[in-house]
Amino acid sequence: MIMCDWLVGLAIAVVLLLASWALLILLAQRLPPGIMRDLAAFIPDCVTTARRLRTDPRVPRRAKIAVLIAGIWVASPIDLIPEFLPVIGPLDDIVVVVLALRYAARQVPRDVILAAWPGEPRLIERLLGTPPA
Numbered sequence: 001m002i003m004c005d006w007l008v009g010l011a012i013a014v015v016l017l018l019a020s021w022a023l024l025i026l027l028a029q030r031l032p033p034g035i036m037r038d039l040a041a042f043i044p045d046c047v048t049t050a051r052r053l054r055t056d057p058r059v060p061r062r063a064k065i066a067v068l069i070a071g072i073w074v075a076s077p078i079d080l081i082p083e084f085l086p087v088i089g090p091l092d093d094i095v096v097v098v099l100a101l102r103y104a105a106r107q108v109p110r111d112v113i114l115a116a117w118p119g120e121p122r123l124i125e126r127l128l129g130t131p132p133a
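Quick note on numbering: the UniProt record's numbering labels position 9 of the sequence shown as 9, and the sequence is numbered without any gaps.
And the structure:
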């Protein structure tokens, strides 16, 4: 009986979590074009880029490890800045992802990173900075 109650509670929590994610995705898609829409898509685009870089044979092991650590950081429920704080909540996740992508970009050809980025190209170009001459 206790085990059944625990499983029901867990199932309800999972359903609520998935429903909240679906609602956030729906709301993010309805944002007008601009900086807020770009920010709403930034972390999902980073996750897709990390997944693509992790499987790309042109990416050295050290860069893959940095990207993997950033992915674990984002997925971890433990944060330096709690997520519930408006505006600054996801800041630690964004900083870690940006640092990992910049580190990987120094070791990987720029075109590999640009090809892995699913979002607005100007965002990743700005993140990476000007290419070395």
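The C-beta atom is built at its ideal place from N, Cα and C for all residues, glycine as well.
Please classify residue i as buried or exposed, where buried requires at least 16 neighbouring CB atoms within 10 angstroms.
i	result
residue 5	exposed
residue 81	exposed
residue 14	exposed
residue 124	buried
residue 111	exposed
residue 72	exposed
residue 104	buried
residue 74	buried
residue 11	exposed
residue 22	exposed
residue 113	buried
Can you check whether the CB of residue j is closer than 8 angstroms to the CB of residue i?
i	j	result
residue 127	residue 98	yes
residue 96	residue 59	no
residue 67	residue 100	yes
For the putative contact between residue i and residue j, defined by C-beta atoms under 8 angstroms, what is the C-beta separation to the nearest angstrom?
i	j	result
residue 117	residue 56	Residue 117 to residue 56, Cβ: 12 angstroms. No contact.
residue 50	residue 70	6 angstroms
residue 43	residue 93	6 angstroms
Secondary structure at residue i, three-state DSSP: helix, strand or coil?
i	result
residue 154	Outside the shown range of the chain (1 to 133) lies residue 154, about which nothing can therefore be said.
residue 123	helix
residue 65	helix
residue 53	helix
residue 58	coil
residue 17	helix
residue 108	coil
residue 73	helix
residue 129	coil
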